[in-house]
Amino acid sequence: MTKFDRNHPALATLKERYPLTKESSSKQTWHVTLDMKNIDIEYHPGDSVGILAQNDPVLVDHLIEAMRAKPTDLITHKRTGEKFPLHAFLSRCANLSRITSSFLKLLHECEASLEAKEHMQNLLADKSKLRAFLSENDPLNLLRDYAKSKLPLQELCDQFGPLLPRFYSVASSQYTQKDTLDLTVALFTWMQNNEKRYGIASHFLCHLAEIGKTPIPLYVQPAPHFRLPAAHDTPIIMIGPGTGIAPFRAFMQERQHHGASGKHWLFFGERNRKSDFFYESEWNAHKNLELHTAFSRDQEEKVYVQHKMLENAKELYAWLQDGAHLYVCGDAKIMAKDVDNALHEIILKHGNMSEDEVKSYIKSLKKEGRYRLDVY
């Protein structure tokens, strides 16, 4: 089997994509199917795929114009020594959504305007102001605002950060989909200086890549810490709000393929049932699945997955006592902590334990591989 990695990716193409959210939703999430035919690659539910996306060609064209350069100007990649035409380098190698402090320093050294130099000097001298400025701007805005003459092209390109892979949880089982691989992709957008900006990888997958044409470089990032239990009769509890639901779609496909007799329980959360219920018909079609949903904006009081856990606390604790494996996927900053706190409260109450005993119980779950997290 061929070994693919970041430096030697497999080349898939787009087979299909469609929005999982309705037009009335306040955001967009897409189902993306990649054509993996004739690609000798292995992955498992729980694994992620690293996508090596390309920048928006419109953004690249605008940037080349702001650099006062030509698309065919040759650039040497400072990390590999490889030569690229400028357009190819900006498309495939450079992070065009972030400014580095070295980028600003180069502008400060080369820009002739005293007013611009003074402003940049003040930013470089104040770490908090510099941090805010770098987060609120991008290279295109910076060049448009400050570069009044042509800058040394190679030095300028050396200041771009690398275009890193974006990881997405595998949302399908290789047993049920031999030649295709599914992803659940949230389209990331924001406004910057009154212009709409897009997340690089999500824009590439949801908008830019052409079906059956555009090469999509990728490789598998194994996640041995987030695997299904070996025994098919083991009950599993899955907690995946938003795109955190992706690996559990793969889990259910795989368990269904093996005829798993173990029980399944899914907690899913999003904003509105009518517009944001990802894969609703699929979940409803599973006969051996208990489903609880939390749609935070369908009522005045915000309801999240941890609230649904607490509503079903007694049953959830009974599942754990029966040997269930608990999986959590999604936001690490808030959701995972809230879920962990809810779990703590459930075990404390229904296990009749002390605080120290609860901590020991949860520690044992993790040690036994029965409490697994894939959070980011």
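The opening position of the sequence shown corresponds to residue 16 in our numbering, with each subsequent residue numbered one higher.
Where a beta carbon is used, it is the ideal one built from N, C-alpha and C, also for glycine.
Since residue i sits in a beta bridge, which residues does DSSP pair it with?
i	result
phenylalanine 99	Ile90
aspartate 50	Thr28, Thr195
cysteine 344	Asp389
leucine 233	Ala25, Ile66
arginine 181	Ile66
alanine 109	Pro177
glutamate 315	Answer by DSSP bridge pairing: none, since glutamate 315 is not bridged.
tryptophan 334	According to DSSP, which records beta bridges pairwise, tryptophan 334 is partnered with nothing at all.
glutamine 207	Glu210
So what does DSSP say about residue i, is it helix, strand or coil?
i	result
histidine 273	coil
glutamine 69	coil
valine 390	strand
isoleucine 349	coil
serine 63	strand
isoleucine 251	strand
histidine 301	coil
threonine 44	strand
glutamine 189	coil
alanine 201	strand
tyrosine 33	strand
tyrosine 294	coil
glycine 384	coil
glutamate 370	helix
tyrosine 58	coil
phenylalanine 19	coil
methionine 267	helix
So, are the CB atoms of residue i and residue j less than 9 angstroms apart?
i	j	result
proline 60	glutamate 269	yes
leucine 67	arginine 113	no
alanine 186	threonine 199	yes
alanine 328	lysine 364	yes
serine 188	alanine 265	yes
alanine 27	isoleucine 231	yes
leucine 149	methionine 82	no
tyrosine 342	arginine 387	yes
serine 217	arginine 242	no
leucine 121	leucine 78	no
aspartate 62	proline 250	no
phenylalanine 310	aspartate 337	no
lysine 98	threonine 91	yes
histidine 240	aspartate 389	yes
leucine 335	isoleucine 252	yes
glycine 277	cysteine 344	no
Which first and last residues belong to the beta strand (DSSP E) in which residue i is found?
i	result
arginine 242	Looking at the DSSP string, arginine 242 is not in any beta strand (DSSP E), and its letter there is neither H nor E.
isoleucine 226	Element bounds for isoleucine 226: n/a, residue is neither H nor E.
phenylalanine 282	279 to 285
Between which two residues does the alpha helix (DSSP H) containing residue i stretch?
i	result
alanine 309	Here alanine 309 belongs to no alpha helix (DSSP H); instead the beta strand (DSSP E) covers 304 to 310.
methionine 135	129 to 140
tyrosine 213	It is not in any alpha helix (DSSP H) - tyrosine 213 instead sits in the beta strand (DSSP E) that spans 210 to 213.
glutamate 124	116 to 125
Margin query: For the stretch 246 to 262 against the stretch 277 to 286, do three or more pairs of beta-carbon atoms, one drawn from each stretch, fall closer than 8 angstroms, so that the two count as touching?
Written below: Yes, since at least three Cβ pairs between the stretch 246 to 262 and the stretch 277 to 286 fall closer than 8 angstroms, the two stretches touch.
Note to self: Within 8 angstroms, do at least three Cβ pairs link the stretch 45 to 58 to the stretch 213 to 230?
What the structure shows: yes
Notebook entry, point to check: At a cut of 8 angstroms, does the stretch 69 to 88 reach the stretch 246 to 253 through at least three beta carbon pairs?
Noted result: no
Checklist line | Validate contact between the stretch 126 to 135 and the stretch 174 to 182 using beta carbons, cut 8 angstroms, 3 pairs | finding: With a cut-off of 8 angstroms, the stretch 174 to 182 and the stretch 126 to 135 do not count as touching, because too few Cβ pairs lie within range.
Next item on the list: Pair every Cβ in the stretch 114 to 123 with every Cβ in the stretch 142 to 156, then say whether three or more of these pairs are closer than 8 angstroms.
Entry: yes
Note to self: Check whether the stretch 294 to 304 and the stretch 210 to 221 touch, using three or more Cβ-Cβ pairs below 8 angstroms as the test.
What the structure shows: No, because fewer than three Cβ pairs between the stretch 294 to 304 and the stretch 210 to 221 fall closer than 8 angstroms, the two stretches do not touch.
Check: Counting Cβ pairs closer than 8 angstroms, one from the stretch 96 to 107 and one from the stretch 137 to 147, do we hit at least three?
Finding: no
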